[in-house]
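Asks: Pasting a structure below so you can have a look.
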Amino acid sequence: MGTPAAFRVAYRDLLIYRRVWKANLAGALFQPLMYLLGIGLGVGALVDKAPDSASALGGVSYLAFYASAIMATTSMFTAGQEALWPMMDGFRWSNAYRAMISTPLEPTDVVTGVAVYFACKTAVGATGVAMALTLFDDTRSWGLVAAVPVAVLTGLAFALPLTAWTSTRDSDRSFPPIMRFILIPMFLFGGVFFPIEQLPDWLEPVAWAAPLWHGVELCRGIILDSIGPAKATLHLLVLIGFAGGGWVVCTQTFRRTLRP
Amino acid sequence: MTLTATTRSSMVTRIIPDVLFDVRRPQRLIERSVMVYRRSPMVIFSGFFEPLFYLLSMRVGLSSLIGDVEVGGRLVPYAEFVAPGLMASAAMNGAVFDSTMNVFHKWKHARLYDSLLATPLSAGDVAVGEIGFAVLRGVLYSGAFLVTMLALAMVQSPWMILSLPACALIGSAFAAMGMACTTFMRSWADFEYVPAVTLPLFLFSATFYPVSSYGDWSWVLQLSPLYHGVALVRAANLGEFSIGVLGHLAVLVSVTVIGVAVTARRIETLLLK
Amino acid sequence: MAEPLIEARSLVKRFDSFVAVDGIDIDVQPGEAFGFLGPNGAGKTSTMRMIGCVSPVSAGSLTIFGLDPRLDGRDIRSRIGVVPQMDQLDAELTVEENLIIYARYFDIKKGEARRRTSDLLDFVQLTEKAGDKVDHLSGGQKRRVSIARSLISEPELLLLDEPTTGLDPQARHVLWDRLYRLKERGATLVLTTHFMDEAEQLCDRLVVMDRGKIVAEGSPRSLISQYSTREVLEMRFGRDRNKEHLDEVEAVGERVEVLPDRLLVYAADGEGVLATLRERNVVPDSALVRRSSLEDVFLRLTGRSLAD
Ligand SMILES: Nc1ncnc2c1ncn2[C@@H]1O[C@H](COP(=O)(O)OP(=O)(O)OP(=O)(O)O)[C@@H](O)[C@H]1O
Ligand SMILES: [Mg+2]
């Protein structure tokens, strides 16, 4: 019995990642900490001073509201960026994936291997965030442990569909617009900084379609222990749907690109 | 004789950086960038929407949670307070991106600068040209920011037009610094450290809340070049200028000059071996 | 004699403590085609880079057009064209744009740049590739773009570092022809090469470099007559058996080189030597008599074969 094929694929990326994971973990600790101090505490002080903000936030402090969303956003950015330029590198620039499929590996193995790598990388990031969140009374809970896999799933739910897109492109020209029209708006309007109920009514359903919002809501619910099983299951199913759907589309697009 | 004439002129240029004599040369690099981006206008164009997203998010989100904040004795909606800070930060972020990742790619992978140095262009021309393009692009985005603010009725004084040169200065300071740092980077992994600098600057430069919120720690702000930029843009928005503006200008100009000098020096020592 | 275009005296290039160019003297006259020949690591590129003013001189003196690279680098660079050993084309631009923007670096007006670009693309036979990204070109096509680009400023001096490496035989011959025409128009060429036929075809004069030093200098003809014999007999005895007949062979030839796969016997009359050996029962698997070339000079001087 050999190593499963997908792990042999992930092995390449992990080999490279092994050299930088410490910096990555340090970043994953440092960045959320900065945001927590700068936005959570700083802006939070302004928000909590306002008379009816607490009811808008569901009865929690702004720090708790915002901090509980960071894990999912960090995962989205980590995995999302990984699905753009590094993926392009594997397909077009360094041709690593093309080299792989001239070995006994199949395009499907490459897809799964990539997913494994995304999962490892986002897991490191989410763990870093969890560690940072233990520093604050408002967010210190056992829910943090359960939230880590949810954050990883959020990363996959976003990154796998994106990977499918990347695998069909032959230049990185569309990436900055993707960052600006998809990643950033999701981040700004996806329930991270304020509840989506504040959005204009016509915009609210759009947020429902964003994988990030489901990830944020689920993580927040778990960390703050404020979500019922029905809602939690719904969010979970949507995330699995995005990730699984992305995986299926990837197997098709990878095959078409790598074996034209 | 012509020979001695050229020799003498070059003796002078060894003492005073010769870019000061001829801005047409760095301009060639800007021409090159324009040539490159002309083919993918979406890369530039999509950037125009960023201010819109940020400002709208502030308005429907935090601003309606927070309400008004007190700045210099009067109450303004939070979104209007934060807009100049975001504008200055956008100028910083754009410049940093252009002068780090983009420059590193051209430096190490495309080996663009090696081929430039074999032409009459000098290391100083390359530094000024690349930083110049970052600034130009930054000003374009700042213009978009300003227009968006106008459209959302967030501009408070006609002096706000001065935010454009202010942002150009912020852009050049950060582009110069970013490019100087990039010359020290060994591999892509080193770029993990860039946010370690820009993120605290973004969050703690009196961007999101007034200087008064910092209490006893407000002196730390002085160390952040972005704070000086934010202060300039805010002054322009309010149309209230004090003597302190000169100090802010001086800081940003010094950072730019030091950054350009370090960059030119590093290009010389690393590529002219 | 006219003032030399390039004059180097005791020119040294050091990288930290490593000496890459070790006190060489060269004079290149205007209108001349001058070659550097040498094995890998001999210091050819290092010398070329100093002449191109992109690498400071460590010691000794160097003037180009009578100017000092330290003071007048910019003026010198504006009068030379460079084809570096590794192509340094602008991957983000098309073939045509590569040439146009390069012209702009030399402060050539846009219209003029366009005109020269189309002439030069014609010259290197890449007109139909004008709109392609350089990334999509073959290695040899990229090389030709590099060469066209180096000519865009109509340089007085052209520095070519292994210009034909990676070209197919036909493209090489086209390029030689182009370089020959440039020379006819009065351009001075300085080139490095590993190809002996190239050096013999193109160079009026060349130096053989080894380990940073010049080990021989002259025209291709004079080097051959000085360091080699008129003819060379190449014999193969099969694997590992080349050394077995060394004694007999050394007795008849002027000089013998043992290479891993064959024996080279230097003699004025190759056929005669072969006949004598056959009489003495030394019968190779195969034998070939050829005129001696720079390759032999090279082997003699550096003890290394240039076969790459
Ligand atoms: N930037 C550098 N730093 C340190 N050593 C260098 C550098 N460039 C060249 N060298 C060394 O100098 C020596 C001469 O190199 P050079 O490139 O001049 O050789 P060359 O004759 O052009 O060889 P080739 O035929 O392989 O191109 C080599 O030993 C090389 O390792
Ligand atoms: Mg060389």
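Residue numbers (the working numbering), protein chains in the order written: chain A, 77 to 336; chain S, 468 to 740; chain U, 447 to 754. All C-beta atoms, glycine included, are put in the ideal place defined by N, C-alpha and C. Remember, predicted model here, so these are calculated numbers, not experimental data.
DSSP on E453 of chain U, reduced to helix/strand/coil?
Replies: For this step, residue 453 of chain U is matched to residue 7 along the third sequence. Reduced to three states, the DSSP call for E453 of chain U is strand.
Asks: Tell me whether the beta-carbon of F641 of chain S lies closer than 8 Å to the beta-carbon of A562 of chain S.
Replies: Counting from one through the second sequence, the residue named residue 641 of chain S turns up at place 174. Counting from one through the second sequence, the residue named residue 562 of chain S turns up at place 95. Yes, they are a contact pair.
Asks: So, is Q616 of chain U buried or exposed, given that buried needs 16 or more other C-beta atoms within 10 angstroms?
Replies: The residue you call residue 616 of chain U lines up with position 170 of the third sequence. Result: exposed.
Asks: Helix, strand or coil for A733 of chain U, going by three-state DSSP, please let me know.
Replies: Position 287 of the third sequence, counted from the start, is the residue given in the question as residue 733 of chain U. It is a strand residue.
Asks: Give me the residue from U:L740, U:N688, U:E680, U:E717 with the minimum Cα distance to V711 of chain U.
Replies: In the third sequence, residue 711 of chain U corresponds to position 265, counting from 1. With distances taken between Cα atoms, V711 of chain U lies closest to U:E680.
Asks: At a cut-off of 7 Å, would you count K490 of chain U as near ligand 2, judging by its Cβ distance to the nearest heavy atom?
Replies: The residue labelled residue 490 of chain U in the question sits at position 44 within the third sequence. Because some heavy atom of ligand 2 lies under 7 Å away, the Cβ of K490 of chain U counts as near it: yes.
Asks: Determine the closest residue to L588 of chain S out of S:L631, S:I497, S:H695, with distance taken between C-alpha atoms.
Replies: Residue numbering aside, residue 588 of chain S sits at position 121 when the second sequence is read from its first letter. Among S:L631, S:I497, S:H695, the Cα nearest to that of L588 of chain S belongs to S:I497.
Asks: Closer than 7 Å by C-beta to P493 of chain S: which residues in its own chain qualify, once you throw out the five before and the five after it? Chain order, please.
Replies: Start at 1 with the first residue of the second sequence, and residue 493 of chain S comes out as number 26. Excluding residues within five positions, the ones whose Cβ falls inside 7 Å are V486, D592, V595, G596, G599.
Asks: From P551 of chain S to S680 of chain S, what distance separates their C-alpha atoms?
Replies: By 1-based counting over the second sequence, the position of residue 551 of chain S is 84. By 1-based counting over the second sequence, the position of residue 680 of chain S is 213. Computed Cα separation, rounded: 17 Å.
Asks: Drop a sphere of 10 angstroms on the beta-carbon of R604 of chain S, count the other beta-carbons inside from all chains shown, and report buried for 16 or more, exposed for fewer.
Replies: Working through the second sequence from its first residue, we reach residue 604 of chain S at position 137. R604 of chain S should be labelled buried.
Asks: Can you list, in chain order, the residues of its chain whose CB lies under 8 Å from that of G610 of chain S, leaving out five sequence neighbours each side?
Replies: Sequence index remark: in the second sequence, residue 610 of chain S carries index 143 (1-based). Excluding sequence neighbours, G610 of chain S sits near L631.
Asks: Leaving out five residues before and five after A633 of chain S in sequence, what residues of the same chain have Cβ atoms less than 7 Å from its Cβ?
Replies: Taking the first residue of the second sequence as 1, we reach residue 633 of chain S at position 166. Taken in chain order, the residues that qualify are G696, L699, V700, A703.
Asks: Flag N727 of chain U as yes when its Cβ comes closer than 7 Å to any non-hydrogen atom of ligand 1, and as no otherwise.
Replies: Counting from one through the third sequence, the residue named residue 727 of chain U turns up at place 281. Not under cutoff, so the answer is no.
Asks: Hey, which unbroken runs of the alpha helix (DSSP H) at 4 residues or more fall wholly within the segment 579–642 of chain S?
Replies: Counting whole runs of 4 or more residues, the segment 579–642 of chain S contains the alpha helix (DSSP H) stretches 579–584, 590–618.
Asks: E597 of chain S touches chain U at which residues, Cβ-Cβ below 8 Å?
Replies: Counted from its first residue, the second sequence places residue 597 of chain S at position 130. Correct list: empty, because the minimum Cβ distance to chain U is about 14 Å.
Asks: Just checking: is the beta-carbon of V500 of chain U within a distance shorter than 8 Å of some beta-carbon in chain S?
Replies: The residue given as residue 500 of chain U occupies position 54 in the third sequence. Output row for V500 of chain U: interface = yes.
Asks: Any chance the segment 552–564 of chain U sits against the segment 596–606 of chain U, with 3 or more Cβ pairs inside 8 Å?
Replies: The segment 552–564 of chain U is in contact with the segment 596–606 of chain U.
Asks: What does the Cβ neighbour count give for I660 of chain U, buried or exposed, with the cut at 16 atoms within 10 Å?
Replies: Position 214 of the third sequence, counted from the start, is the residue given in the question as residue 660 of chain U. Classification for I660 of chain U: buried.
Asks: Just confirm the distance between the C-beta atoms of L238 of chain A and G156 of chain A, as a whole number of angstroms; I'd bet it's less than 8 Å.
Replies: Mapped onto the first sequence, residue 238 of chain A falls at position 162. Mapped onto the first sequence, residue 156 of chain A falls at position 80. The pair is a contact, with the Cβ atoms about 6 Å apart (cut-off 8 Å).
Asks: Does R256 of chain A have its Cβ less than 8 Å from a Cβ in chain S?
Replies: Walking along the first sequence from the start, residue 256 of chain A turns up at place 180. R256 of chain A counts as touching chain S.
Asks: Within the same chain, show all residues whose beta-carbon is closer than 6 Å to that of S530 of chain U, passing over the 5 residues directly before and after it, in chain order.
Replies: One-based indexing of the third sequence puts residue 530 of chain U at position 84. For clarity, residue 530 of chain U is Pro in the given sequence; the question names Ser instead. The answer, listed in chain order, is D607.
Asks: Can you list the alpha helix (DSSP H) stretches of 4 or more residues lying completely in the segment 676–723 of chain U, in chain order?
Replies: 692–698, all fully within the segment 676–723 of chain U.
Asks: On the DSSP letters alone, give me the boundaries of the beta strand (DSSP E) that L508 of chain U sits inside.
Replies: The count along the third sequence starts at 1 and reaches residue 508 of chain U at position 62. Unbroken beta strand (DSSP E) run through L508 of chain U: 505–510.
Asks: Measuring only between beta-carbons, confirm whether I146 of chain A sits less than 8 Å from chain S.
Replies: Indexing the first sequence from 1 puts residue 146 of chain A at position 70. With 8 Å as the cut-off, I146 of chain A does not count as an interface residue toward chain S.
Asks: If we define contact as Cβ-Cβ less than 8 Å, is D581 of chain S a contact residue for chain U?
Replies: Numbered from 1 along the second sequence, position 114 holds the residue referred to as residue 581 of chain S. Closer than 8 Å to some Cβ of chain U, the Cβ of D581 of chain S qualifies, so yes.
Asks: I want to verify the contact list: residues of chain S whose CB lies under 8 Å from the CB of N100 of chain A, in sequence order.
Replies: Within the first sequence, residue 100 of chain A is the residue found at index 24, counting from 1. Those within 8 Å of N100 of chain A in chain S are E659.
Asks: Are the C-beta atoms of R732 of chain S and some chain U residue less than 8 Å apart?
Replies: By one-based count along the second sequence, residue 732 of chain S stands at place 265. Chain U, which has no Cβ nearer than 8 Å to the Cβ of R732 of chain S, makes this no.
Asks: Looking at L457 of chain U: is its Cβ nearer than 8 Å to the Cβ of L517 of chain U?
Replies: Translated into the one-based positions of the third sequence, residue 457 of chain U becomes position 11. Translated into the one-based positions of the third sequence, residue 517 of chain U becomes position 71. No. Outside cutoff.
Asks: Go ahead and pull the three-state DSSP assignment for P80 of chain A.
Replies: Locating residue 80 of chain A in the first sequence gives position 4, where the first residue counts as 1. Note: P80 of chain A maps to coil in three-state DSSP.
Asks: Among U:L539, U:Y548, U:E542, U:L513, which residue has its Cα nearest to the Cα of G527 of chain U?
Replies: Translated into positions along the third sequence, residue 527 of chain U becomes position 81. Cα-wise, what sits closest to G527 of chain U is U:Y548.
Asks: Under the rule that 16 or more other beta-carbon atoms within 10 Å means buried, what is M532 of chain U, buried or exposed?
Replies: Residue 532 of chain U sits at position 86 when you count from the first residue of the third sequence. Answer is exposed; the Cβ neighbour count stays below 16.
Asks: So what does DSSP say about M655 of chain U, is it helix, strand or coil?
Replies: The residue you call residue 655 of chain U lines up with position 209 of the third sequence. M655 of chain U: strand per DSSP, three-state reduction.
Asks: Check whether the Cβ of V570 of chain S lies closer than 8 Å to any Cβ atom in chain B.
Replies: Annotation note: the requested chain B is absent from the structure, which comprises protein chains A, S and U.
Asks: Should Q531 of chain U be counted as a contact of ligand 1 given a C-beta to heavy atom distance under 7 Å?
Replies: Along the third sequence, one-based indexing puts residue 531 of chain U at 85. Checking the Cβ of Q531 of chain U against ligand 1 gives yes.
Asks: Shortest alpha-carbon distance to V465 of chain U belongs to which of U:T610, U:A488, U:L451?
Replies: As a first step, residue 465 of chain U is located in the third sequence; it is residue number 19 there, counting from the start. Residue U:A488 is the option with its Cα nearest to V465 of chain U.
Asks: Answer yes or no: do R256 of chain A and E517 of chain S have a C-beta to C-beta separation smaller than 8 Å?
Replies: One-based indexing of the first sequence puts residue 256 of chain A at position 180. One-based indexing of the second sequence puts residue 517 of chain S at position 50. In this structure, E517 of chain S lies closer than 8 Å to R256 of chain A by Cβ.
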